[in-house]
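Working notes, beginning with the structure itself.
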Amino acid sequence: MTDDVALAFREGWGRLVAGLIGWCGDWDLAEECAAEAFAAAVEAWPRDGEPDRPLAWLTTVARNRARDRIRRRTTQSARHEALAPLLDETSQSPGDAAGDAADIPDDRLRLIFTCCHPALPEPARIALTLRTLCGLTNAEIGRAFLVTEATMDKRLVRARAKIKQAAIPYRIPPADVLPERLDGVLAVVYLLFNEGYAASSGEAFLRVDLSAEAIRLARLIHELMPTEAETAGLLALLLLTDARRRARLRDGEIVPLPEQDRSLWNADQTAEAEVLLRATGGPIGPYAVQARIALCHNRSADPGQTDWAAIAALYTLLPTTAVTELNRAVAVAMADGPAAGLAIAGPLEPDLAAYHLFHATLADLHTRLDHPDQAQECLRRAIDLAPTPAERRLLRRRLSAVPPGMGE
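By our numbering, the letter at position 188 of the sequence shown is numbered 188, and the numbering carries on one by one without gaps.
Okay, here's the thing in structure tokens:
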């Protein structure tokens, strides 16, 4: 694939597929013809030059291919009858469709909400979003989530079948349910980013492509819904978190936040996130709160300058869950001492007994309180529960750093 076509694919796949689905109402046909349009571009553009309006060129080619497919179908079929009006449109030459992309922004937004419909299970929502909006292949999505291509094929077939059987509408939800549905869309993007930034399983701790796709989707949603404070909050949160990515690993090993080389942090992403947060008005939601917590870290030139009291206060603005309380305990421990943090974290064990970071946090607090036996016990438990080899190696290094003569 040439550079021009590759750029058009990255920037235009989701726009093209969304427009085609909105035009013909056939999910599979839209994806097949979009792929054929890009294949045609690979042949034509190096020979004829990139068109002035690449997306219009691709849209015209894809629509013409779709019309050819529809004509070849049995004329008596109900599907043909439903799509027959499309055949009455005059076929166009590539580049002739001045208005082909006119409604694409709304189509993309409709597509995002359709992919993330609450009737679909969460893994299917993420997979469908990656396939339809980002253009990842089934094999690529399968590798990202550690399943075979065949398994991912079946997952996507079931998701599309569910959309058809449940008659899930291809539309932006009505205003009265939009906030609830937007939350679901943003949650999918957030989970997708987290899976890339700190993998839940497998050999690789970071999956950069996955995080990049999440940021791209968050940016798209914010561009399409710029007045929604939480779309800006989510994009800012992802930018701020990803800004620290280059410093998170050194020679394949995890580098804890206090030990990271902060000169490697991406200052441009931090600056962009600050602009996004300043532009949001009114009440701030959970993503905007988390973004402000991340900003407290990113603004600190060294760990000693971190405003832990402000971070602890910000955590009180989030919905109370065991995980947010654990994070607040860390901030309180840094601001007011490890005993204060342990008083918050300790009672969370019934809810977080299977969470490796809970035990790792307790180990740190017990170490700072000079409780070596408890620290070692917590670290061993964390090692048993850690999901990736990189995290287990980090925890073993921490266990070996417990001063000699302490504990067992």
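Think of the CB as a built atom: it goes at the ideal place given N, C-alpha and C, for glycine as much as any other residue.
Stretch pair the segment 173-184 + the segment 131-141: three plus CB contacts closer than 8 Å: Taking 8 Å as the limit for Cβ pairs, the verdict is that the segment 131-141 does not touch the segment 173-184.
Inter-residue spacing [alpha-carbon to alpha-carbon] between Asn-412 and Arg-299: Past the edges of the chain, shown from 1 to 408, lies residue 412, and the structure says nothing about it.
Beta-carbon proximity list for Ala-322, same chain, < 6 Å, skipping 5 on both sides: Excluding residues within five positions, the ones whose Cβ falls inside 6 Å are Leu-348, Asp-351 and Leu-352.
Alpha carbon of Val-392 to alpha carbon of Leu-399, nearest angstrom: The question names Val, but residue 392 is Arg in the sequence shown. Their Cα atoms are separated by approximately 10 Å.
Spatially closest choice to Ser-211 from Tyr-190, Pro-226, Ala-339 and Ala-229, by CA coordinates: Here the closest residue by C-alpha is Tyr-190.
Residues near Ala-69 in its chain [Cβ-Cβ closer than 8 Å; skip 5 each side]: A small correction: the amino acid at residue 69 is Arg; Ala does not occupy that position in the sequence shown. Setting aside the 5 residues that flank it on each side, Arg-69 is surrounded in the same chain by Leu-29, Glu-32 and Cys-33, each with a C-beta closer than 8 Å to its C-beta; the list follows chain order.
Cα-Cα separation, Ile-104 to Phe-113: Confidence at Ile-104 is low in this model, with a pLDDT of 47, below 50, so its placement is unreliable and the value that follows should be read with caution. Each residue's Cα considered, the two are about 14 Å apart.
Limits of the unbroken alpha helix (DSSP H) element including Pro-286: Taken as a continuous stretch (DSSP letters only), the alpha helix (DSSP H) holding Pro-286 covers 286-298.
C-beta atoms of Ala-229 and Thr-270 nearer than 8 Å: No, these two residues do not count as a Cβ contact at 8 Å.
Pairwise C-alpha distance: Gly-346 and Leu-326: Using only the alpha carbons, I get a separation of about 9 Å.
C-beta atoms of Trp-13 and Gly-184 nearer than 8 Å: No. Outside cutoff.
Counted within 10 angstroms of its Cβ, other Cβ atoms place Thr-59 as buried (16 or more) or exposed: By the neighbour-count rule (16 or more Cβ atoms within 10 Å), Thr-59 is buried.
Chain-order list of residues whose beta-carbon lies under 8 Å from that of Val-5 (same chain, five-residue window excluded): Around Val-5: Phe-38, Ala-41, Val-42 and Trp-45.
First and last residue of the uninterrupted alpha helix (DSSP H) at Ile-126: It spans 122-132 - the alpha helix (DSSP H) in which Ile-126 sits, taken as one unbroken run.
Cβ-Cβ distance between Arg-155 and Pro-118 below 8 Å: Not closer than 8 Å, so no.
Cut-off 7 Å between Cβ atoms - residues of its own chain near Ala-243, not counting five sequence neighbours on either side: Hits under 7 Å: Trp-265, Asn-266, Gln-269, Thr-270 and Asn-298.
Three-state class that DSSP yields for Glu-31 in the structure shown: Three-state DSSP puts Glu-31 in a helix.
Within 8 Å, strictly: CB atoms of Arg-71 and Leu-224: Contact: no.
Contact under 8 Å by Cβ, Gly-341 with Leu-365: In this structure, Gly-341 sits near Leu-365, with a CB-CB distance shorter than 8 Å.
Beta-carbon separation (whole angstroms), Leu-235 vs Ala-218, contact threshold 8 Å: That belief holds up - the Cβ atoms of Leu-235 and Ala-218 are roughly 4 Å apart, short of 8 Å.
Buried or exposed (CB count within 10 angstroms, at least 16 for buried), Pro-54: When all chains shown are included, Pro-54 counts as buried.
Which of helix, strand or coil DSSP assigns to Ile-70: DSSP places Ile-70 in helix when its eight states are reduced to three.
The alpha helix (DSSP H) enclosing Asp-3, as first and last residue numbers: Looking at the DSSP string, the run of the alpha helix (DSSP H) that includes Asp-3 is 3-24.
Residues that DSSP places opposite Ile-344 in a beta bridge: Bridge partners of Ile-344: none, in fact.
DSSP state of Val-402 mapped onto helix, strand, coil: Annotated three-state conformation of Val-402 is coil, per DSSP.
Assigned secondary structure, Ile-215 (DSSP; H/G/I helix, E/B strand, else coil): In this structure, Ile-215 counts as helix in the three-state DSSP scheme.
Under 8 Å between C-beta atoms of Glu-213 and Leu-186: For the pair Glu-213 and Leu-186, the CB atoms are not nearer than the 8 Å cut-off.
Beta-ladder partner(s) of Arg-63, from DSSP: Paired residues: none, contrary to the question.
Cβ neighbours of Val-208 in the same chain (closer than 8 Å, five flanking residues each side left out): Residues of the same chain with a CB within less than 8 Å of the CB of Val-208, apart from the 5 flanking positions on each side, are Gly-196 and Arg-245 in chain order.
Beta carbon of Leu-237 nearer than 8 Å to that of Gln-165: Contact annotation: Leu-237 and Gln-165 have beta-carbon atoms that are not nearer than 8 Å.
Glu-230, DSSP secondary structure in three states: In this structure, Glu-230 counts as helix in the three-state DSSP scheme.
Distance, Arg-396 Cα to Ile-221 Cα: One C-alpha to the other measures close to 41 Å.
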